[in-house]
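Numbering (my numbering), first residue to last: 24 to 285.
Here the structure comes first, spelled out in structure tokens, and everything after it is commentary.
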Amino acid sequence: MKFGIANISSIPLRREPAESSEMMTEILFGEHFEIVELIDRWAKIKLNFDNYIGWIDKKMIQEITEEFFNGITQNNTFVSQLFINNIENKSTKQTFYIGGGSSFPFFRNETKCFFLGEHEYELLEDIKSCSSCDIRKRIIDSAMQYMNSAYLWGGRNPFGIDCSGLTQVAYKIHGININRDARKQIEHGSNIDFIDNAKNADLAFFDNSDGIITHVGLVLEGGKILHASGKVRIDKLDHQGIYNEERKIYTHKLRMIKDILG
Numbered sequence: 024m025k026f027g028i029a030n031i032s033s034i035p036l037r038r039e040p041a042e043s044s045e046m047m048t049e050i051l052f053g054e055h056f057e058i059v060e061l062i063d064r065w066a067k068i069k070l071n072f073d074n075y076i077g078w079i080d081k082k083m084i085q086e087i088t089e090e091f092f093n094g095i096t097q098n099n100t101f102v103s104q105l106f107i108n109n110i111e112n113k114s115t116k117q118t119f120y121i122g123g124g125s126s127f128p129f130f131r132n133e134t135k136c137f138f139l140g141e142h143e144y145e146l147l148e149d150i151k152s153c154s155s156c157d158i159r160k161r162i163i164d165s166a167m168q169y170m171n172s173a174y175l176w177g178g179r180n181p182f183g184i185d186c187s188g189l190t191q192v193a194y195k196i197h198g199i200n201i202n203r204d205a206r207k208q209i210e211h212g213s214n215i216d217f218i219d220n221a222k223n224a225d226l227a228f229f230d231n232s233d234g235i236i237t238h239v240g241l242v243l244e245g246g247k248i249l250h251a252s253g254k255v256r257i258d259k260l261d262h263q264g265i266y267n268e269e270r271k272i273y274t275h276k277l278r279m280i281k282d283i284l285g
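Pasting the structure below:
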């Protein structure tokens, strides 16, 4: 078994080993994975963060040892809370930008340095400190940074993100792991019976005519929802679903609201 880590801003994870295959999700900078199969220029991997399995181009892999892989824990990994971050590879002196939700394994606060295998990097931004102790407000504040980001199927980055990518990354930034897809995210948390009882950062789920969960968003108190549909936007939310005031129609039918935080 081999192991790898993302050392570029994001890696497209595809359903099949082909450039034309559907992008199911993205591996963000610093996320690590197991390499389970190799075929020509492609590697089948299992992402450690959410157990997602798919295919990536082998050129995008930085291999790491099993010891390094097993040593990465939530306790020694800093997750970026900024929309965009500037980092430097200390060996090559190259600087580049990565998105929010990126992981910095073995992060040292005093130097703002971290490691991807044997390569040392430095975070060139000031570490963002959250002024609020309210975890719900912090999650919403992080998600709000993505306002007007384009909708992209499978996306998890600031310039293209889908509905469940937005909710997953917003929670990841604050140390909470949830599943990748909306139909799996609904398995987390406890049911909220009445919409009036919903709080900031609860997750609202929506289904189609066949009862299949197809959409998710972050509840905002005051009858609103933050979600990715065309772009990351705020719309009205009531017991029927999401109401788009521009189009004067309900765009999504409410199925359930879940309290992830308890």
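We treat Cβ as the ideally placed atom computed from N, Cα and C, and that holds for glycine.
Owing to the predicted nature of the structure, the values given are computational and were not obtained by experimental measurement.
Between residue 267 and the set 254, 279, 278, the nearest pair of CA atoms involves 254. In this structure, DSSP gives residue 89 a helical state, which the three-state scheme calls helix. The residue among 63, 46, 84 with its C-alpha nearest the C-alpha of residue 56 is 84.
By DSSP's assignment, residue 108 forms a beta bridge with 121. In the three-state reduction of the DSSP assignment, residue 220 falls in the helix class. Taking a cut-off of 8 Å for Cβ pairs, the stretch 195-202 and the stretch 96-111 touch, as three or more such pairs fall below it. Remark: C-beta atoms of residue 188 and residue 173 do not approach each other more closely than 8 Å.
In the structure shown, the three-state DSSP call for residue 37 is strand. Residue 264 places its beta carbon less than 8 Å from that of residue 275.
CA-CA distance, residue 181 to residue 43, rounds to 23 Å.
Bounds of the beta strand (DSSP E) holding residue 213 are 213-215. Residue range 158-167 is occupied by the alpha helix (DSSP H) that includes residue 163. Take the alpha-carbon of residue 161 and the one of residue 190: they are about 13 Å apart. The three-state reading of DSSP puts residue 190 in helix, counting H, G and I together.
In the assembly as shown, residue 97 is an exposed residue. Its beta-carbon has fewer than 16 other beta-carbons within 10 Å. The alpha carbon of residue 277 has as its nearest neighbour, out of 216, 270, 47, 269, the alpha carbon of 216. A distance below 7 Å between beta-carbons, with the five flanking residues on each side excluded, links residue 209 to the following residues of its chain, in chain order: 228, 236, 279, 281.
As computed with DSSP, residue 184 is found in a beta bridge with 174, 179.
Of all alpha-carbon atoms in 60, 143, 257, 149, the one lying nearest the alpha-carbon of residue 116 is that of 143.
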